[in-house]
Structure formats: structure tokens, C-alpha cells
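Here's the structure, in C-alpha cells; my notes come after.
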Amino acid sequence: MRSYKGLKRTTALAIALGLAAGSALAVHDTSTFELEGNAVQDSTPPPDDWATLYGGGGAATVFTGIVKDKNGADDIFTGGGSKTPNLIADWQWKTSPPPPDKNNITNAYAANYVVAGEQVIYFGADLFADNGDAELAFWFFQDDVQKSGSGFIGEHMDGDVYVAVKFSNGGTQSDIAVYEWWEMCDKQDVPGGNAPLIAGDCAADNIRVVIPLGPATCGFAGGDQACAITNGSEETAPWPYIPKSGTSGKFPPTTFFEGGINIFDVFGENKCFSSFMASTGASTSFTATAKDFALGDFNVCSVDVSKTCVNDSEADDTPTAITYNVRGCGYNDGGGAINISSLLNSINGGANYTPTDLTWYNPGMVDDGMGGTRPFNPTTDCNDPVKLAEAIASGTGVGDPISFDLAGGAALVYEFSETTASNGPSDTVTIDALGADGSDIDEDTASATCPLRTFAASFSVIKQCAADLEDIGSNLAVKINVNGSVCNTGEVTLTNLTLADDPDMLTGVSVTLTPVSTTLAPSGQPGDCTTYTGSYYPDTIPAGDICPFADQVEAKAKAPINSAGAGCTLLGDGTSECKADSNTATCNLRAVNGDADCSTGPLSPLP
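The sequence shown runs -26 to -1, 1 to 581 under mature numbering (1 follows the signal peptide of the UniProt record, and there is no 0).
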């Protein structure tokens, strides 16, 4: 009698139990990848083949690359704990002696595709020697599994996928089984007797049957959810390969193996994985120690982040506190659902921090450019600041995104503001995420340069003057009295205001004028104007009966960082020195005592 202890995910199990009814998307016939027993492309892509991916092309969302195992030293399992049902912490490995030739993996590989929303994984390996019959297995771990010392780090998680393949009859017959790690299973739950295992049975401690062992050679008619195939004849190796016997660069018969599994059809959902392992020697024997293995990263679930930076409103900006508006996407460009766990921002390479006003949205509709609206498209809109703002305005807040299951191909939109003295900074956001099943996902970063914000620095000077006579005893002296105002006409506070008058009738001398205030507030604010006064005695008296005294005031002031103006010169500390000239004021002093010429009258140029 079969007992099902602690069964969960009943939907996924029901789908697995319905294998005989056929798959909606046959894994060997997706028009995405060739499963025909060789590694080279038989036609113009698509579909892809391993040579396509190896050459840098193809449509895989993730490709492990060609994971080399036999490269000077071979990694092989050792010790009694290196059995499929055992914890990863119990596994041990060593580099010598090498495994039997027929079990010696030279390379292994895996690729993840999303086809019509369904996650399909293709996997393969090539062996050092042909044997006709072979047993291979492929682990897809949700946790990050790595070698460490003579053991491994990483842990099994419920839902880790184990695909076991047996090739017999000279490789013409492929039998495949799919299992998952399920810690509620123990050997007491394994059905007794000789009846074959069925989906939902416990096959061993921690191992549950998803697809029972049965014929599944790729290429036959039918909607197979998983299949495998080997090369029946010598085939070209797209990557470096030297067999035990035969031609270098050629796979001898039954040394190249490949297969595929439609994860969505088998489990009822797309899944996240972090690591991939190919092994030989004990695919369906859960009491034997596996022989050889090849281990690599396989970060199937991933998050892609985008960032834009704009300045929505400049009204409240100051040169030392510029507020920018940052928007972007957290986009699931992998297979399984993910949960965004954090977003950090860094300004100009500074420390990472979590923005206090960070808000996440499920994006709404955006302008379609034809008078209507359309759904937000992550592939085209995540880097468009206009579309991001529209998606936020019409979207709905999601609160903490860690509780939001973001499906493959979908995006959440975020926004926050940053206030900084940096003008046009280059900023970086970092997003981290987990698979909805808790698996690790590599973080992603995106940078954007914020627009320059230049504050206007300018001011105006008005001058007035009056020519007076001073009685200094036997002579009358001419005295020029100067007054006027200086007003800030720009956006920034001006400091260190100085004024100087350079009269035409005072040779080689500049007259310093005294402003009431040396600081001018930005235009329109209290304190944006000040007055000044001063006087001088000309050393030359102009000829004629009008006696004109003409001169101009020059003003200088300091403008802060991030400011500029027509009369400003940038200084080494980021501030600017700005200059402005007044109007030319003319003071007339008519001839006195009937003298028609000021210069010959009873006037003294100096007191």
C-alpha cells in the first residue's frame, strides 16, 4: 500500500500524475532547441543547438557554458555518504584515481529557455569513452552549491529537481525518470513489492517520484515532458574534446548525451535554480555512490534593474541641495517567480543606502502615442522616464515587494527622490531578489547620470552721482558724491560683494565704495538688494560751462557651486567670481561766478 506523507503542491503533483495524457508543449518539439543527438546546428536558427550557445548566440535566458570536468585533474565522488538521497553536506569528492572511462565526464552543460511562458531546460554531457549503455543524472539545485575543501557547501531544498537517464541497447533506448527532493519522504514510505513506482511515491529518503522511469527517447511522436537522446554515430564536437579512442574533435557513438525537461508542464510552475550538476554511475540506484560529476552555476531566475534620473521640479532646489527624481524597474527576466528583497542607492560612488521614500508600483497603462493607452512593456519602457512616470501615475502600490510574486517577464516600477550637493551625479541602484521558492538570485545594478542643474548667477548695479562744491578757505573744491544700489537678479546667494569706482577725472586711482551689506539673497527674497555710498575729489577739472564728471561702478561678488552666469568665472574650488558694471553716471557742475570755463574759474581740483 502506498502512503503519501506530507504531500504538498497538489496542483504540481496532479500535473505530474497526468503525464500519460501528454504535454501541451513537447520538449523535443518546441522549435527552440534541437534534440537530435548531435551538438551542431542542422539548420539556420532557430532552433538553437549547443554549438549556437557555445558560439555566443541563441535565445537561452541562461547558459552554463561548457563546464569542463576532465582538465588535468578529475573531480569524482568518494565516500559512502556521496549518495543521491543524502544531504549535500555528506557528499565528498577527490581528484584521483579517475573514474572508469565509461563513467568519466569530460564536459557538461545546461540551458534555460522560456517558451510561450513555459520554462524548458535542456541539459547534456559528453563522456571520455563509449560504452553503449550509460547512466547519467542531472541535479538542478535551488541553493548555490559549490565545492569546498573535500566536500560541498549548499543545501538541498524541497523542489530540487533530479533527472535520471538510462541509455541501453547501444544507446538506442532512452529511459528517463524525474524526481524531486522532498524531505518528508523516508525509506519507510517506499512502496514494497515489485510494483513499479508511480508519481507521488517516495523512492528513497528525501526523494519523491515526479515522472516514473519509462521510455522517453527524444524525437518520437508524442507530447513528452522530458526526453533524452545520444549520438548513434560519430558527431562533430563544437568545443575541444579528445576521446579515449577515435578522432580528436569528434564524439564517438554514445559519448554525447542531451535531453530536456519542460519544468512548467512537469511541476505546474516555472522554478528558480542556482546550480547544476551532471553525474554518472548511479542515476536511479539510490544506495550506490555516484562516480563522476561536473558542477556549475545555473542562475535561472534573475532580476534586471533599470534606472532613470530626472528633475521634476527645480523650484525648491538650491546649489547645495538639488533634488532628483529616480525611477526604474525591477524586471524578472528569468523563468520562475521572484520576490524583490531590497533596493539600495549610491550617489557618485558613495555608500549604499535605502531611500526613505522608496515606493514600488505594479505598473499601469501608458500612452500609446495614438490617443489611447497600452499596457506597460518592460522590454521597451523600463528605461523611458516618461513611460515610467505614466506607469506610476496609473499603477497601484504594492507595499513591500518581498511579498509580491513577480512572474517571469513582468516588472515592478519604483520611484524615490535624492537630495544632493552633487550636480549631475552618476548614481547606481542595486536590486537583490529571491526566488519565490527561496532560492538565491544574483543581484543586479544599473546606473544613470542625473541632469546638470545650473543655477543662474547675475546681479545689476545702479549708480547715481552729484557734483558739489566745498569751501576750503580761499578756494572752492569739487567733490563728487556717489550712491546707488546693487540687486541680485539670479537664483543663488551672492557673497563677498565689493564695489569700486574708476572716475575719468581721477588719474590712476580707484575709489572704494562701501555697500551696506556684502551678501545678497537670491532674487525675490528679502535682502536681495543693498545700497552703497562713496565720494571722491577729482584731480582734473573738465573744460566747458557744464563741467561733466562721468564714471562707472564695477561690482564683484562670489557665487556658490553649481552656478554660472555671463559675467562669472569658475574658480578652483567650484565657486565663481562674478562681475557687473553699473550704468555710466554723469554729474554736471555748471560754471560759477560767470566764468564760461570751469577749468579757469575759481575752482580747486583738490581740497
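Glycine residues also receive a C-beta, built at the ideal position from the N, C-alpha and C atoms.
Check	Outcome
Cα-Cα separation between residue 397 and residue 427, rounded to whole angstroms	6 angstroms
Span separating the alpha-carbon of residue 379 from that of residue 164	34 angstroms
Neighbour-count burial assignment, residue 484, 16 or more Cβ in a 10 Å radius	exposed
Straight-line Cα distance separating residue 135 from residue 170	20 angstroms
Cβ contact (3+ pairs, closer than 8 angstroms) linking the segment 408 to 425 and the segment 115 to 128	yes
C-beta atoms of residue 35 and residue 418 nearer than 8 angstroms	no
Helix, strand or coil at residue 359 according to DSSP, with G and I counted as helix	helix
Between the CA atoms of residue 557 and residue 290 - distance to the nearest angstrom	33 angstroms
Closest Cα partner of residue 437 within the set 489, 369, 399 and 465	489
Helix, strand or coil at residue 24 [DSSP, three-state]	helix
Counted within 10 angstroms of its Cβ, other Cβ atoms place residue 209 as buried (16 or more) or exposed	buried
Residues near residue 587 by beta carbon distance below 6 angstroms, same chain, minus five either side	There is simply no residue 587 to check, as the chain begins at -26 and stops at 581 in what is shown.
Rounded straight-line distance, which links the Cα of residue 388 to that of residue 367	11 angstroms
Rounded C-alpha distance that separates residue 563 from residue 518	10 angstroms
Nearest-angstrom Cβ-Cβ length linking residue 80 and residue 298, presumed shorter than 8 angstroms	Between residue 298 and residue 80 the Cβ distance is about 53 angstroms, and since that is not below 8 angstroms, they are no contact.
Stretch-stretch touch, CB-based, cutoff 8 angstroms, three pairs: the segment 229 to 240 with the segment 89 to 108	yes
Alpha-carbon spacing of residue 561 relative to residue 521, whole angstroms	8 angstroms
Paired residues, beta bridge with residue 111 - DSSP	138 and 253
Neighbourhood of residue 156 by C-beta distance below 6 angstroms, restricted to the same chain and skipping five residues each side	132 and 182
Start-to-end residues for the alpha helix (DSSP H) that takes in residue 239	237 to 241
Residue 251 versus residue 287: straight-line alpha-carbon distance, rounded	53 angstroms
Status (buried if at least 16 other CB within 10 Å, exposed otherwise) for residue 122	exposed
Cutoff 8 angstroms; reference residue 6; Cβ partners in own chain excluding five residues on either side	20, 21, 22, 33, 87, 89 and 94
Cross-strand partners of residue 392 (DSSP beta bridge)	298
Presumed contact (8 angstroms Cβ cut-off) between residue 124 and residue 66, rounded CB distance	6 angstroms
Residue 592 classed as buried or exposed, judged by whether at least 16 other C-beta atoms fall within 10 angstroms	Beyond the ends of the chain as shown, which are -26 and 581, falls residue 592; an answer cannot be given.
Simplified DSSP assignment, three categories, for residue 265	coil
Coarse secondary structure for residue 368, derived from DSSP in three states	helix
Inter-residue Cα distance where the pair is residue 385 and residue 318	17 angstroms
Coarse secondary structure for residue 563, derived from DSSP in three states	coil
Given residue 505 as reference, the closest of 459, 527 and 553 once Cα atoms are compared	459
C-alpha distance - residue 544 paired with residue 533, whole-angstrom precision	9 angstroms
Own chain residues within Cβ distance below 8 angstroms of residue 313, not counting five before or after	375, 376, 377, 378, 379, 380, 407, 408, 409 and 410
Residue 78, buried or exposed, once every other Cβ within 10 Å from all chains shown has been counted against 16	buried
Closest by C-alpha distance to residue 424, when choosing among 180, 321, 345 and 542	321
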